[in-house]
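Asks: Residue numbers (the numbering used here): 1014 to 1459. Using N, Cα and C, we set each Cβ at its ideal position, and we do this for glycine too. Only a predicted model underlies this, so the values are computations on that prediction, with no experimental measurement involved.
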Amino acid sequence: MLFTIPPLVALAAYVSAAPTGSTTTASSQASSASSTSSAAAATPTVPYASDDMNYSFWSKFADTTPEPVRGTTGGSILGPQNVALERQGPDFLAPPTTDSGSVENVKWPFALSHNRMQDGGWARQQSVRDVPLATAMAGVDMRLNAGAIREMHWHLTAEWGCVLAGSCRINSVDQLGRNYLAEIYPGDLWYFPEGIPHAIQGMNDTADGCEFLLVLDNGNFSEDSTFTLTDWMAHIPKEVLAKNFRVNASAFDHIPDRELYMIPSAVPDVTSAKENVVSPAGTVPLPFTFAASKAPVQNVTGGSVKIVDSRTFEIAQTIAMAEVTVVPGGIRELHWHPTQPEWTFFLEGIARITVFASSANARTFDYQAGDIGYVPPSFGHYVENTGNTTMKYLEIFNSNLYEDISLNQWLALTPPDMVKAHLQLSDETISQLQKVKPLVVGPGEW
Ligand code: MN
Ligand code: MN
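1. I believe Leu1146 touches Pro1389 by the beta-carbon criterion, under 8 Å. Please report the beta-carbon distance rounded to the nearest angstrom.
2. Using the beta-carbon count (16 or more within 10 Å), is Pro1060 buried or exposed?
3. Taking the alpha carbon of Glu1172 as the reference point, which residue from Gly1160, Thr1148, Trp1203 and Ala1195 has its own alpha carbon closest?
4. From what residue to what residue does the beta strand (DSSP E) around His1394 run?
5. Which one of Val1144, Asp1218, Trp1135 and Asn1312 has the shortest CA to CA distance from Asp1154?
6. Bridge partners of Gln1138, per DSSP?
7. Locate the alpha helix (DSSP H) running through Arg1129, then write down its first and last residues.
8. According to DSSP, simplified to helix, strand and coil, what is Leu1177?
9. So is the beta-carbon of His1127 under 7 Å away from any non-hydrogen atom of ligand 2?
10. So, is Val1116 buried or exposed, given that buried needs 16 or more other C-beta atoms within 10 angstroms?
11. Can you look up Phe1359 in the DSSP assignment and give me helix, strand or coil?
12. In this structure, how does DSSP classify Phe1105 when only helix, strand and coil are distinguished?
13. In whole angstroms, give me the CA-to-CA distance for Asp1417 and Arg1345.
14. So the alpha helix (DSSP H) Phe1378 belongs to, where does it begin and stop?
15. What is the residue span of the beta strand (DSSP E) that Met1246 lies within?
16. In the structure shown, what three-state DSSP assignment does Phe1225 receive?
17. In chain order, what residues of the same chain lie with their CB nearer than 7 Å to the CB of Glu1252, ignoring the 5 residues before and after it?
18. In angstroms with no decimal places, state the Cα-to-Cα distance between Val1141 and Val1260.
19. Go ahead and pull the three-state DSSP assignment for Asp1201.
20. Express the C-alpha separation of Thr1111 and Ser957 in angstroms, rounding to a whole number.
21. Can you name the start and end residues of the beta strand (DSSP E) that Pro1384 belongs to?
22. So is the beta-carbon of His1267 under 7 Å away from any non-hydrogen atom of ligand 2?
23. Sorted by chain position, which residues of the same chain lie with C-beta nearer than 7 Å to Asn1304's C-beta, five sequence neighbours on each side aside?
24. Hey, out of Gln1381, Leu1360 and Glu1397, whose CA is closest to Gly1343's CA?
25. State yes or no: is the C-beta of Gly1400 within less than 8 Å of the C-beta of Gly1455?
26. Give me, in chain order, the residues of the same chain whose beta-carbon lies closer than 6 Å to that of Ala1043; leave out the 5 immediate sequence neighbours on both sides.
27. Do the stretch 1369-1383 and the stretch 1433-1453 touch if we need at least three Cβ pairs shorter than 8 Å?
28. Mind checking who Leu1407 pairs with in its DSSP beta bridge?
29. Can you list, in chain order, the residues of its chain with a C-beta nearer than 8 Å to that of Thr1403? Leave out the 5 residues immediately preceding and following it.
30. Tell whether a beta-carbon distance below 8 Å holds between Ala1364 and Tyr1415.
31. Measuring only the C-alpha atoms, how far is Leu1426 from Glu1441?
32. How would you call Ala1159, buried or exposed, if buried means at least 16 neighbouring beta carbons within 10 angstroms?
33. What span of residues does the beta strand (DSSP E) with Leu1347 cover, start to end?
34. Can you tell me whether Gly1455 is helix, strand or coil according to DSSP?
35. Consult DSSP for Ile1443 and reduce its assignment to one of helix, strand or coil.
36. Leaving aside the five residues before and after Leu1299 along the sequence, list all residues of the same chain whose C-beta is less than 8 Å from its C-beta, in chain order.
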């Protein structure tokens, strides 16, 4: 019977905080909060959420031995401790008290991936085998030394690439015999539709070769299981090769007996415009590359957002990108993506994300440059800069369009009485809601 007593303390707190009438001086941007004062306020039915703050322990743990203690909860570690990893995941060791239930792991540092090292460079990858929730996209981080070639190959997965450093030359031929050859530079993108053959070569004009990020539109993709030119040729009878190419079988005396995957080579000494073979069918009508480094950036108070999807990079029908920067202390606002999961890659700085999975399941993850995150479709999240420097990351979607829903905008465009019935917000707070998505919020705005 004890439990049938209403939460009197919470109720008392509500009464003292009840709206006092239409005293709000609404700005031109604000909702018309004053029209709601005559409506009957909804009655609280449960206690209020805790007032406790749950600040990141990233900097605290950097200077002290990490301990799983937050407020009055937890206790020191007496057993063995992996201090380096605990410093990288302070919200695993001492989670915010708002975390609850269970959310599967959505963090993968490329530093934990096996690295395939070869003459010419290296490649390491992340797939559904590393992050079981990440079914829609997989990632690869690849380095090609100057001149080295990621060999001619194809795969039944579309490939989106972003140059992280240096420059590279890419080439391709489509199903109508139209070809493509181009150099691309840091921040620029490429996209090869599924099954279209391609190769990538490291150049030496801005660095010794290149490093790039690949995102594939299938979480099962493996960079070790692509269809490669050398692998195929090595597994065809030589008389068949002779017939196919209408030459003597001895023409193939020196083909490799197995897949090469990566090939050391010389940097091309002529421009792509000069070197490209002239196809009777011409070049591809939609370029396979896009100079995203020169694309417009939307500057907002807490940072910036640059969106590149099929509206500007037309060939990219299954991968869309937002490049986001967040100033120290700022956050990419609370939002979700209606139908698509987000594959997140951290380029600079320190961040934390709380992934809300419905049914009281919420879990907070910490990330740093080189780490991958993943947010399933419709899971609510924010991305907070918990470091002292600008944080920069990519939001990537298996989609032709970038789409998100802003919590702030959703509330601002809903009748205030409806919002008040849920959250007991004051007219003053209602007046601060933003009808235009803030996207990234900076310190000093609250
Ligand atoms: Mn490929
Ligand atoms: Mn997002």
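Replies: According to the structure shown:
1. Locating residue 1146 in the sequence shown gives position 133, counting from the first residue. Locating residue 1389 in the sequence shown gives position 376, counting from the first residue. Their Cβ separation, rounded to whole angstroms, is 6 Å, which keeps Leu1146 and Pro1389 in contact under 8 Å.
2. Translated into the one-based positions of the sequence shown, residue 1060 becomes position 47. With fewer than 16 Cβ atoms within 10 Å of its Cβ, Pro1060 is classed as exposed.
3. Position 159 of the sequence shown, counted from the first residue, corresponds to residue 1172. For Glu1172, the nearest C-alpha among the options comes from Trp1203.
4. Start at 1 with the first residue of the sequence shown, and residue 1394 comes out as number 381. Taken as a continuous stretch (DSSP letters only), the beta strand (DSSP E) holding His1394 covers His1394 to Asn1398.
5. Here the question's residue 1154 lines up with position 141 in the sequence shown. Considering only alpha carbons, the answer is Trp1135.
6. Counting from 1 along the sequence shown, the entry for residue 1138 is found at position 125. For Gln1138, which the question treats as bridged, DSSP gives the partners Val1153.
7. Translated into positions along the sequence shown, residue 1129 becomes position 116. Looking at the DSSP string, Arg1129 is not in any alpha helix (DSSP H); the run it does join, the beta strand (DSSP E), is Asn1128 to Gln1131.
8. Residue numbering aside, residue 1177 sits at position 164 when the sequence shown is read from its first letter. In the structure shown, Leu1177 sits in a strand (DSSP, three-state: E or B).
9. As a working note, residue 1127 is residue 114 in the sequence shown. Answer for His1127: no, Cβ out of range of ligand 2.
10. Position 103 of the sequence shown, counted from the first residue, corresponds to residue 1116. When all chains shown are included, Val1116 counts as buried.
11. The count along the sequence shown starts at 1 and reaches residue 1359 at position 346. Correct three-state label for Phe1359: strand.
12. In the sequence shown, counting from the first residue as 1, residue 1105 sits at position 92. DSSP places Phe1105 in helix when its eight states are reduced to three.
13. Within the sequence shown, the letter at position 404 stands for residue 1417. Within the sequence shown, the letter at position 332 stands for residue 1345. Taking the CA atoms as reference points, Asp1417 sits about 12 Å from Arg1345.
14. The residue you call residue 1378 lines up with position 365 of the sequence shown. Careful: Phe1378 lies outside any alpha helix (DSSP H), inside the beta strand (DSSP E) at Ala1375 to Gln1381.
15. As a first step, residue 1246 is located in the sequence shown; it is residue number 233 there, counting from the start. No beta strand (DSSP E) holds Met1246; the alpha helix (DSSP H) holding it covers Leu1242 to Met1246.
16. As a working note, residue 1225 is residue 212 in the sequence shown. Three-state result, Phe1225: strand.
17. The residue you call residue 1252 lines up with position 239 of the sequence shown. Once the five neighbours on either side are set aside, the close Cβ partners of Glu1252 are Ala1262.
18. Looking up residue 1141 in the sequence shown gives position 128. Looking up residue 1260 in the sequence shown gives position 247. Between Val1141 and Val1260, the C-alpha separation is close to 44 Å.
19. One-based indexing of the sequence shown puts residue 1201 at position 188. DSSP places Asp1201 in the coil class of the three-state scheme, outside both helix and strand.
20. Because the chain is modelled from 1014 through 1459, residue 957 falls outside the range shown and cannot be assessed.
21. Counted from its first residue, the sequence shown places residue 1384 at position 371. The residue asked about is misnamed: residue 1384 is Asp in this sequence, not Pro. Residues Asp1384 to Val1388.
22. Within the sequence shown, numbered from 1, the residue matching residue 1267 stands at position 254. Because no heavy atom of ligand 2 lies under 7 Å away, the Cβ of His1267 does not count as near it: no.
23. Working through the sequence shown from its first residue, we reach residue 1304 at position 291. According to the sequence provided, residue 1304 is Ala. The question's Asn does not apply to it. Hits under 7 Å: Asp1201.
24. On the sequence shown, residue 1343 is found 330 positions in, with the first residue counted as 1. If we check each option's Cα against that of Gly1343, Glu1397 comes out closest.
25. Within the sequence shown, numbered from 1, the residue matching residue 1400 stands at position 387. Within the sequence shown, numbered from 1, the residue matching residue 1455 stands at position 442. Their beta carbons are not under 8 Å apart, which means Gly1400 does not touch Gly1455 by this criterion.
26. Position 30 of the sequence shown, counting from 1, holds the residue named residue 1043. Confidence in Ala1043 is poor, its pLDDT being 39 and thus under 50, which makes the residue's placement unreliable; the coordinate value appears in the next sentence. Counting only Cβ-Cβ distances below 6 Å, and skipping sequence neighbours, we find Ser1444.
27. no
28. One-based indexing of the sequence shown puts residue 1407 at position 394. In the DSSP output, where bridge partners are listed per residue, Leu1407 has Glu1336 and Phe1358.
29. On the sequence shown, position 390 is the one that residue 1403 refers to. So the list reads Gly1316, Thr1338, Val1339, Val1340, Pro1341, Glu1361 and Gly1362, once near-sequence residues are dropped.
30. The sequence position of residue 1364 within the sequence shown is 351, counting from 1. The sequence position of residue 1415 within the sequence shown is 402, counting from 1. No, Cβ-Cβ distance for Ala1364 and Tyr1415 is not below 8 Å.
31. In the sequence shown, residue 1426 corresponds to position 413, counting from 1. In the sequence shown, residue 1441 corresponds to position 428, counting from 1. Cα atoms of Leu1426 and Glu1441: separation of roughly 16 Å, rounded to the nearest angstrom.
32. Indexing the sequence shown from 1 puts residue 1159 at position 146. Buried is the call here.
33. On the sequence shown, residue 1347 is found 334 positions in, with the first residue counted as 1. Leu1347 -> beta strand (DSSP E) spans Ile1344 to Trp1349.
34. For the purposes of this step, residue 1455 is taken as residue 442 along the sequence shown, with counting starting at 1. Gly1455: coil per DSSP, three-state reduction.
35. Here residue 1443 is taken as the residue at index 430 of the sequence shown, counted from 1. Here Ile1443 sits in helix by DSSP.
36. Counting from 1 along the sequence shown, the entry for residue 1299 is found at position 286. Contacts found: Glu1327 and Ile1328.
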